[in-house]
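**Q**
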Amino acid sequence: MKIIIKTNADGLQAVNKLLATLEYYGMTTSEQLTLKSIARDVALKFEKKWETARDNQTLFDVKKKYSIALKYHEAYAPEKLIMTLIGTCDDVRSKTALNKIKDFINQKMV
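In full-length UniProt numbering, the protein residues as written are 1 to 110.
1) Just to confirm the assignment, what range does the beta strand (DSSP E) spanning threonine 88 have?
2) Residues in the same chain with beta-carbon distance under 7 Å from leucine 35, minus the five sequence neighbours each way, listed in chain order, please.
3) Hey, residue 114 and leucine 85: beta-carbon distance below 8 Å or not?
4) When you compare only the Cα positions, how much space is there between alanine 9 and alanine 97?
5) Which residue from Trp50, Thr21, Leu44 and Ala39 puts its Cα closest to that of lysine 6?
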């Protein structure tokens with residue numbers, strides 16, 4: 001089962017930034033370490049898509065949507081991490097984008 005996330009460049013940047021900061025958090029439980037392990041693989045997908053979006057973006061492409069296909073377990077990790085770490089995000093625009101992605105993933109996983 002695959003979950004296809006469609007988001008704009010702001011969403012890609014927000015998730016990429018959140019997953020990049022994951023290395024700085026001390027995770028000790030087996031669930032946290034599992035999430036961190038899965039998130040590393042997912043972070044590579046978001047990073048590649050973000051680099052493509054950043055290189056191709058112009059003023060007229062602000063609303064362009066980018067698709068990322070994640071397997072069920074790959075979608076589980078970003079959803080849980082966004083719920084846990086969204087409080088560390090200071091930018092309102094990023095929080096909004098992260099909430100949209102989290103809600104979309106949650107809706108598709110039920």
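We treat Cβ as the ideally placed atom computed from N, Cα and C, and that holds for glycine. Note that the coordinates shown come from a computational prediction; the quantities given were computed from them, not determined experimentally.
**A** So, from the listed chains and residues:
1) Taken as a continuous stretch (DSSP letters only), threonine 88 belongs to no beta strand (DSSP E), as it is neither H nor E.
2) Setting aside the 5 residues that flank it on each side, leucine 35 is surrounded in the same chain by Ala77, Lys80 and Leu81, each with a C-beta closer than 7 Å to its C-beta; the list follows chain order.
3) Residue numbering for the chain in the displayed model covers 1 to 110; residue 114 lies beyond these limits and cannot be assessed.
4) The alpha-carbon atoms of alanine 9 and alanine 97 are separated by roughly 10 Å.
5) Nearest option by C-alpha distance: Trp50.
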